[in-house]
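A.B. asks:
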């Protein structure tokens with residue numbers, strides 16, 4: 004979902020009524036994007052879309068209010084958490100979250116949205132930053148591997164591979180790391196398929212999901228047969244440093 008920056012609109016806000024003339028209820032639950040859009044229109048003063056009608060299939064529906072807000076209505080909490088995490092508050096838009104809805108408000112309108120519709124303003128996620136070192140092995144045959152110390156980007160981690168340790172052996176993929184940055188290079192390598200990588204990382208700390216985290220490491224070499232092999236960083240914990 005794309006969110007765009009907008010210019011701040013001058014002018015007074017309208018009264019707390021929907022386009023149909025009924026009062027806007029604070030912290031309400033909305034059945035459709037169209038209903039939410041009528042309430043948001045009282046703040047942004049432009050018409051909002053009516054959604055796609057696909058909420059039953061996808062767990063939510065969304066539309067825009069011109070370039071002043073993106074709105075979404077959700078059918079379950081899990082989808083709402085996932086979408087919020089994948090599209091966090093940033094410099095272009097600020098999240099106002101209600102019982103089953105989210106408004107990504109642009110142009111500094113989040114306080115007006117909250118005052119009229121209720122909900123909670125969600126701050127931008129805190130980033131954990133630091134450096135991690137781990138050892139990975141690969142079943143490559145001697146002589147095939149072409150690792151050299153100092154080689155950049157031989158070890159990499161993708162956002163979809165970030166895991167959170169929930170309890171014991173229970174794991175759940177965090178699909179929220181839209182701002183994940185992991186870079187690193189080979190610091191030692193052997194022809195028997197062993198290597199040590201050092202990566203710097205930047206991981207969003209989603210409110211309520213404070214870790215600890217584990218990382219699945221994408222291991223790449225010059226041998227095309229062995230591309231995209233995965234090895235796990237044992238006991239790897241990410242935290243603020």
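In the numbering used here, the protein residues as written are 4 to 244. The beta carbon of each residue, even a glycine, is placed where N, CA and C say it ideally should be. Quick caveat, the model's predicted, so the values are computed rather than measured.
#1: Which same chain residues, not among the five before or five after residue 52, have their C-beta less than 6 Å away from its C-beta?
#2: Between the stretch 41-48 and the stretch 112-130, can you find at least three pairs of beta-carbon atoms closer than 8 Å?
#3: Spatial neighbours of residue 78 within its chain, please: C-beta separation below 6 Å, excluding the five flanking residues on both sides.
#4: Straight-line CA distance for residue 82 to residue 70?
#5: Output the boundary residues of the alpha helix (DSSP H) element that contains residue 36.
#6: Determine the extent of the beta strand (DSSP E) in which residue 65 is found, giving its start and end residues.
#7: Per DSSP, what kind of secondary structure is residue 60 in: helix, strand or coil?
#8: Quick one: what does DSSP say residue 127 is sitting in, helix, strand or coil?
#9: What do you reckon, are the CB atoms on residue 30 and residue 101 nearer than 9 Å?
#10: How would you write the range of the alpha helix (DSSP H) that residue 86 sits in, first residue to last?
#11: Under three-state DSSP, which class holds residue 113?
#12: Spatial neighbours of residue 87 within its chain, please: CB distance less than 8 Å, with the 5 preceding and 5 following residues excluded, ordered by chain position.
#13: Could you tell me which of 127, 103 and 80 sits nearest to residue 36, measuring between CA atoms?
#14: Quick one: what does DSSP say residue 100 is sitting in, helix, strand or coil?
#15: Leaving out five residues before and five after residue 33 in sequence, what residues of the same chain have Cβ atoms less than 6 Å from its Cβ?
#16: CA-CA distance, residue 41 and residue 27?
C.D. replies: According to the structure shown:
#1: So the list reads 66 and 67, once near-sequence residues are dropped.
#2: The stretch 112-130 vs the stretch 41-48: in contact.
#3: Contacts found: 58 and 62.
#4: Approximately 24 Å, taken between the alpha carbons.
#5: Here the alpha helix (DSSP H) through residue 36 covers 36-47.
#6: First-last of the beta strand (DSSP E) with residue 65: 63-68.
#7: DSSP places residue 60 in the helix class (H, G or I) of the three-state scheme.
#8: Three-state result, residue 127: coil.
#9: Result yes, Cβ atoms of residue 30 and residue 101 sit closer than 9 Å.
#10: Segment 80-89, the alpha helix (DSSP H) holding residue 86.
#11: If DSSP states are grouped into helix, strand and coil, residue 113 belongs with the helices.
#12: Hits under 8 Å: 98, 100, 105 and 125.
#13: Taking only the C-alpha atoms, the option nearest residue 36 is 103.
#14: DSSP places residue 100 within a strand segment (E or B) once states are collapsed to three.
#15: Within the same chain, residue 33 has close Cβ partners 39, 76 and 104.
#16: C-alpha separation (whole angstroms): 9 Å.
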